[in-house]
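Read through the structure below, which is laid out as structure tokens, and then see the notes.
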Amino acid sequence: MTKQIEAYQTSDGQIFLEESIADSHQEDIIGEMLDDLVANDARGNVTRSDRHSILMTMIKDPQLKNKIAKLHHALTLKDED
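Be aware that the sequence shown starts at 522, since it is given in my numbering, and climbs by one per residue.
Rendered as structure tokens:
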């Protein structure tokens, strides 16, 4: 006897049986990637709380994908020079 199940795979290859857990994990992945893009303030003027707030705002931006696609395009063109 076989049983069909539904699973959800995230961009890092992990597989989850619950969509909500997969979505949460994928959001964490995106947050970590964006965290690498947000500059650190060597003078200590930007707190971890400030960085978290900035990242949460970025993740909720409906234009995030479009902005990243434009950035990728611009960087790709620069690399061709």
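We treat Cβ as the ideally placed atom computed from N, Cα and C, and that holds for glycine.
All figures in this text were calculated on a predicted structure; none of them were measured in a lab.
- The C-beta separation of residue 550 from residue 531 comes to about 6 Å, placing the pair in contact by the 8 Å criterion.
- In this chain, the alpha helix (DSSP H) harbouring residue 571 covers 569-581.
- Inter-segment contact for the stretch 587-594 and the stretch 562-578 is absent: fewer than three beta-carbon pairs are separated by less than 8 Å.
- Taking residue 556 as reference, the option from 562, 534 and 572 with the minimal CA-CA separation is 572.
- Judged by DSSP in its simplified three-state form, residue 526 adopts coil rather than helix or strand.
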